[in-house]
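Number of protein chains: 2
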Amino acid sequence: MKKRIIIVEDNISIREGFRAVLETIEKYEVVNLYSNVEEALEYLDQDLPNVVLMDIELPGMDGIAGTIRIKKQYPECIVLIITVLEDSEKVFRSLCAGAGGYIVKNSNISEIVQNIDEALAGGAPMSLSIARMVVQSFQQQQNSPLTERETEVLQSIAVGKSYSKIALDLYVSKETIRSHIKNIYRKLEVSSKADAIKVANSNKWVTGRAL
Amino acid sequence: MKKRIIIVEDNISIREGFRAVLETIEKYEVVNLYSNVEEALEYLDQDLPNVVLMDIELPGMDGIAGTIRIKKQYPECIVLIITVLEDSEKVFRSLCAGAGGYIVKNSNISEIVQNIDEALAGGAPMSLSIARMVVQSFQQQQNSPLTERETEVLQSIAVGKSYSKIALDLYVSKETIRSHIKNIYRKLEVSSKADAIKVANSNKWVTGRAL
DNA sequence: ACAAAATCCCCCAAAATGGGTGATTGCTTC
DNA sequence: GAAGCAATCACCCATTTTGGGGGATTTTGT
């Protein structure tokens, strides 16, 4: 069974370039090409693609919003983002939206085919630098101004615990937690939970993730 | 300049196997072998490794704790986890600890070398299935019992915002937020922010990450 | 037309929060 | 040994937040 592919890309030469490349591959079938997400969504029920190659910068709805819509209708469908630049913000938002991987625009045939096959095989094709970004997103920063204990407290704050609950969990008095919080606020120059979480999160002094 | 490598692995045949393989490669130098983390840490200042191949299951201190120690002393040092099984819990904890990638135990020579070179080049070597796990960790679950709006509200709760702040951000009344919260609590069968975050986080109905 | 979702309002009491001003005990570091 | 930091705990105070009731209206999708 041929894998059904659609391409959503506003630049005609890139769009046709990908088509030309993919049509030489026996196991793929390029069922349709679109220059915007809106149109692609309209014909999704007919196209029933296994793979969508999606540009991220598009007129109207962008590729990230498009990915969300497609995954909502067809969770099994694999969306691969076509990109030139590797903007960390966009990478993470794409992944959250359900993108299965990244294809660099000026890849050669074998790289493209390899990426698509990898995605179909259940992998997450992406360049070294994107993989690094993703892995680094898990890693905590070392040079935090906070002490270990303070980090521990802030981490608890970040998962919504109250001072009392944290005190119980760490086997200390509620007042101790309050002291730590005061010190944290002073060091981070904030004066509320939300701000502290925001600062610590953006500097990756806490994991942000409940593990 | 040869890349200095140490191996921390309690199974002698795997340890010697890796050594034998790596010693055939001109650009690597296996400076030492250890059967436990404690010993490896002791000689870290002499060994000054560029790469550590670290088993995850070890007597005494485990590979994850070891990774944390090593990265604390030498953040530039790349720790690659040697593993047979791909336990999602361990994978994420390793990455948070600072691991640079995963090497499967029964890899062949070229795969191992490729993985190490990839790590040294700034990539994040890992198998298809691990890459998929990592990418999926970014993706939200589709079958959430919460509506879009409720998810939005819970997401805000998860980053520490107060009802008032959320109301401002979403341009609605505080009472509306309260209504949503009540519905969220009812659906998730909880009765506090912390519990709601915990449930939503473990089911990945919210991102958990401040993007 | 019906159900679900989203919006808003009031009451109430308990809990949590933020800011202040302290103190004591250890452990490094100079 | 003094100075500094980390971690612990205490009490005061006012304000905000939260959670649980009770409603209500409007919009939206099917």
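As they're listed, the protein sequences go chains A and B.
Numbering (our numbering) for the first sequence: 1 to 211.
Numbering (our numbering) for the second sequence: 1001 to 1211.
Each residue gets a CB set at the ideal place from its N, CA and C atoms; glycine is no exception.
Of all the options the options, which has the alpha carbon lying nearest to the alpha carbon of residue i?
i, options, result
"B:L1170", "B:R1004, B:Y1185, B:E1148, B:E1189", "B:E1148"
"A:S127", "A:E38, A:F138, A:E111", "A:E111"
"A:T83", "A:Y74, A:I103, A:D195, A:Q73", "A:I103"
"B:G1152", "B:H1180, B:C1096, B:K1174, B:F1138", "For the record, residue 1152 of chain B in the displayed sequence is Glu; it is not Gly. Of the candidates B:H1180, B:C1096, B:K1174, B:F1138, the one whose C-alpha sits nearest the C-alpha of B:E1152 is B:H1180."
"A:E39", "A:I70, A:F138, A:S107, A:S129", "A:I70"
"B:Y1028", "B:D1010, B:V1199, B:N1050", "B:N1050"
"A:E118", "A:Q73, A:I177, A:I78", "A:I78"
"B:A1124", "A:G122, A:I116, A:M133, A:S94", "A:M133"
"B:S1144", "B:L1188, B:N1108, B:L1080, B:V1113", "B:L1188"
"B:I1064", "B:S1173, B:R1093, B:L1085", "B:R1093"
"B:N1115", "B:I1081, B:Q1140, B:L1146, B:Q1141", "B:I1081"
"B:I1056", "B:L1041, B:L1085, B:E1076", "B:L1085"
"A:E89", "A:K161, A:S137, A:L146", "A:S137"
Which two residues bound the contiguous beta strand (DSSP E) that contains residue i?
i, result
"A:E9", "Where A:E9 is concerned, there is no enclosing beta strand (DSSP E), given that its DSSP letter is neither H nor E."
"A:T151", "Note, A:T151: premise wrong, no beta strand (DSSP E); alpha helix (DSSP H) at 148-158."
"A:T83", "78-83"
"A:K55", "The residue you asked about is not Lys; residue 55 of chain A is Asp in the sequence shown. Segment 51-55, the beta strand (DSSP E) holding A:D55."
"A:Y43", "Unbroken run through A:Y43: none, as it is neither H nor E."
Compute the Euclidean distance between the alpha carbons of residue i and residue j, then round it to the nearest angstrom.
i, j, result
"A:K3", "B:V1135", "22 Å"
"A:L154", "A:S191", "13 Å"
"A:I7", "B:V1206", "29 Å"
"B:Y1043", "A:Y34", "60 Å"
"B:A1158", "A:V159", "7 Å"
"B:L1168", "A:K204", "26 Å"
"B:C1096", "A:Q46", "43 Å"
"A:I12", "A:A20", "12 Å"
"A:D195", "A:V37", "36 Å"
"A:V199", "B:L1120", "31 Å"
"B:T1067", "A:V30", "46 Å"
"A:E150", "B:L1058", "30 Å"
"A:L22", "A:N106", "14 Å"
"A:M1", "A:N32", "17 Å"
"A:S164", "A:N201", "23 Å"
"A:I197", "B:I1109", "45 Å"
"B:Q1215", "B:G1100", "Not covered by the structure: residue 1215 of chain B. The range shown for chain B is 1001 to 1211."
"B:E1026", "A:G98", "42 Å"
"A:Y74", "A:M54", "15 Å"
"A:D10", "A:E175", "59 Å"
"A:Q139", "B:A1131", "16 Å"
Where does the unbroken alpha helix (DSSP H) through residue i begin, and where does it stop?
i, result
"B:Y1102", "Note, B:Y1102: premise wrong, no alpha helix (DSSP H); beta strand (DSSP E) at 1101-1104."
"A:N183", "174-188"
"B:L1170", "1163-1170"
"B:L1033", "Per DSSP, B:L1033 belongs to no alpha helix (DSSP H); it is in the beta strand (DSSP E), 1028-1034."
"B:E1086", "Unbroken run through B:E1086: none, as it is neither H nor E."
"B:S1107", "That residue, B:S1107, is in no alpha helix (DSSP H); it is neither H nor E in DSSP."
"B:D1195", "1193-1202"
"A:S127", "No alpha helix (DSSP H) contains A:S127, which DSSP labels as neither H nor E."
"B:I1064", "1063-1073"
Mind listing which residues of the region 144-169 of chain A have their C-beta closer than 8 Å to chain B's C-betas, in chain order?
-> I157, A158, V159, G160, K161, S162, K165
With 9 Å as the limit, tell me which residues of the region 178-208 of chain A have their beta carbon closer than that to any beta carbon of chain B; keep them in chain order.
-> S192, K193, A194, D195, A196, I197, K198, N201, S202, T207, G208
The region 1105-1125 of chain B: which residues have C-beta closer than 7 Å to a C-beta of chain A, in chain order?
-> Those would be E1118, A1121, G1122, G1123, A1124, in chain order.
Mind checking the region 61-79 of chain A against chain B and listing, in chain order, the residues whose C-beta falls within less than 8 Å of any C-beta there?
-> Sequence-ordered contacts of the region 61-79 of chain A with chain B read K71, K72, P75 [C-beta pairs closer than 8 Å].
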